[in-house]
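Read the structure below first, then the notes.
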Amino acid sequence: MKKIFKIKLVRIILLTVGSLIYAIGIALFLDPNSLAPGGTTGIAIIISKLTSLKTGTLVLLINIPILLFGWWRFGTKFIFSTIYVTFISSFFINMVSVNIVVKYGVVTKDLLLSGVAGGSLMAIGMAMIFRQGATTGGTDIIVRALRQKYRHIKTGTIFIITDSIIITASAIILKNVEIALYAAITIVVSNFVLDSVLYGGDSTKLLYIVSDKYDLVANRILEEIDIGVTFLNAEGAYTSNDKKVIMCVCRKYNYSKIRDIVKQEDESAFFIVSSASEVFGDGYKSHFIEEI
-5 MKKIFKIKLV
5 RIILLTVGSL
15 IYAIGIALFL
25 DPNSLAPGGT
35 TGIAIIISKL
45 TSLKTGTLVL
55 LINIPILLFG
65 WWRFGTKFIF
75 STIYVTFISS
85 FFINMVSVNI
95 VVKYGVVTKD
105 LLLSGVAGGS
115 LMAIGMAMIF
125 RQGATTGGTD
135 IIVRALRQKY
145 RHIKTGTIFI
155 ITDSIIITAS
165 AIILKNVEIA
175 LYAAITIVVS
185 NFVLDSVLYG
195 GDSTKLLYIV
205 SDKYDLVANR
215 ILEEIDIGVT
225 FLNAEGAYTS
235 NDKKVIMCVC
245 RKYNYSKIRD
255 IVKQEDESAF
265 FIVSSASEVF
275 GDGYKSHFIE
285 EI
């Protein structure tokens, strides 16, 4: 019980710290300079400039119906941490804005510096949150739902479309194309930093799992990690029994989650882990990428 409590406490602390870093990037750099970096945060910043409502409050209000949808679609286990992150990050955004920006003024009015600093801090905070199996809510939940229904559409493509719509809306509504272009730079910087922190470049793990409970393990990987798995037909040399071997490729940050799933479902499973230097396909490198 003490060990479980300690694990949960550490997870809550990391989610809280990640939410704070995420909120600082928004409140100190993006919001004061009207940089709308896509997603529900971008929508909240746009509305905030047109009304007297605080950005953190708007982030929470916009997320409430999306969180309810996520609860219905994915269940309590997935959405509980995301609800916590959404509430605490919204609180931190307002707190930092009131206690620092309002009292001491904007850190910098340089749009490029604000975009780079704000996007980087957002990404670092998001990476900490993602590593704990949660999200920042908003479009992350919508994209996850769309991906379950339309597997042929890449996650990155959906994010690009939604972010492009929000950036275009900010240019029109705020009547400032220059700010919208800097917001686009913010998104590029944020995605680059997020990928670097989460994935450590192209490093991936190639996993082979031999288990009598292959169906349970495979289903949990598909549902909880949202990555593809492949069954390989095998035969035991000693027993001559037919077996199913699970093969999958995952990012480094997902490896520990898969290991936990295998341990929980079948402690006697034979688990082989190796590194994959390059992976081509959906979610990884394009087959048509030009090598430098």
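Its first residue numbered -5, the sequence shown is counted upward by one per residue in the numbering used here. Cβ atoms here follow ideal geometry from the backbone N, Cα and C, with glycine treated the same way.
Here DSSP, grouped into helix, strand and coil, assigns N213 to helix.
For N248, the uninterrupted alpha helix (DSSP H) segment begins and ends at K246 to E259.
For the 9 angstroms CB-CB criterion, I60 and I118 do not form a contact.
Residue pairing for A228: DSSP places it in a beta bridge opposite K237. In terms of Cα proximity to I219, the closest of R125, I181, L44 and I179 is R125. Around the beta-carbon of Y16, 16 or more other beta-carbon atoms lie within 10 Å, marking it buried.
Of all C-beta pairs linking the region 89 to 106 to the region 61 to 75, fewer than three are shorter than 8 angstroms, placing the two stretches out of contact.
The count of Cβ pairs closer than 8 angstroms, one atom from the region 256 to 274 and one from the region 199 to 209, reaches three, so the stretches are in contact. Apart from the 5 residues on each side of it in sequence, A163 has no Cβ closer than 6 angstroms to any other Cβ in its chain. In this structure, DSSP gives L8 a helical state, which the three-state scheme calls helix. In terms of Cα proximity to T45, the closest of I167, M(-5), V171 and T10 is I167. G99 sits exposed, since fewer than 16 C-beta atoms from the chains shown fall within 10 Å of its C-beta.
In the structure shown, the three-state DSSP call for L29 is coil. Separation of V267 and D254 (C-alpha to C-alpha, rounded to the nearest whole angstrom) is 14 angstroms. As the crow flies, the alpha-carbon of M116 is around 25 angstroms from that of I221. Taking a contact as a CB-CB distance under 8 angstroms, the pair A178 and V171 does not count as one, their CB atoms being some 11 angstroms apart. Residue nearest to L107 within the set N248, V79, I173 and S13 is I173 (criterion: CA-CA distance).
L54 counts as buried, since no fewer than 16 other beta carbons sit within 10 angstroms of its beta carbon. Between D25 and S91 the beta-carbon gap is near 7 angstroms, inside 8 angstroms, which marks them as a contact. Remark: C-beta atoms of I58 and L9 do not approach each other more closely than 9 angstroms.
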